[in-house]
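Going by this note's numbering, the sequence shown opens with residue 34, and the numbers climb by one from there.
First the structure, in the form of structure tokens, and then the observations on it.
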Amino acid sequence: MSFLVKKGIPTRAACLATGCLLAAAALADERHSRQPLLSAAALLQMQTKLEDAKDIAYLLFYLSPKSKLEAFLVAVSHTYLLEYEQAISMYRYSLSFDDKFLPAKACLHATMCLMIFGENAIVRPKQT
């Protein structure tokens with residue numbers, strides 16, 4: 034899907050794809066409505082439409098409130114928006130369903146570091 038977005042700028046194809054995914058979610062039965070919404074949230078993240086992506090992540094979360102993945106997606110959305118306290122709460126909620134869920138553990142740790150030390154404290158690998 035990365036061909037739909039160039040350097041964070043949504044292309045016309047990306048906008049159409051997002052619309053199609055939301056329509057597919059509306060028309061799908063309850064068992065199959067999650068997949069188009071997951072794809073739409075991912076596409077919106079790639080388009081840097083972070084508030085819209087967070088709205089869809091919350092919609093997924095309300096559809097499946099006891100799912101580690103949906104809670105994780107909400108947490109990631111909060112992290113992108115620099116809403117660290119909400120993100121940490123949702124990462125912990127995600128881990129309450131599976132304490133070995135490594136993506137949530139790693140993101141929780143990274144988000145706590147960002148919250149405490151700020152973005153300048155992150156060590157980035159040197160470009161060669």
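The C-beta atom is built at its ideal place from N, Cα and C for all residues, glycine as well.
Note that the structure is predicted; figures quoted are calculated from it, not measured.
- Distance between A86 and L114, taken at the CA atoms: about 10 Å.
- Close CB contacts of F130 within its chain, under the 8 Å cut and outside five residues either way in sequence, are with K99, S100, K101, A104 (chain order).
- By the C-beta density criterion, Q68 is exposed, having fewer than 16 other C-beta atoms within 10 angstroms.
- L76 counts as buried, since at least 16 other C-beta atoms from the protein chains shown sit within 10 angstroms of its C-beta.
- Judged by DSSP secondary structure, H111 falls within the alpha helix (DSSP H) whose first and last residues are 101–113.
- The C-beta of K82 has 16 or more other C-beta atoms within 10 Å across all chains shown, which makes the residue buried.
- In the displayed model, K133 falls within coil according to three-state DSSP, outside both helix and strand.
- Residue nearest to A73 within the set H65, Q80, L54 is L54 (criterion: CA-CA distance).
- Contact annotation: Y124 and C140 have beta-carbon atoms nearer than 8 Å.
- The continuous alpha helix (DSSP H) containing A90 extends over residues 83–96.
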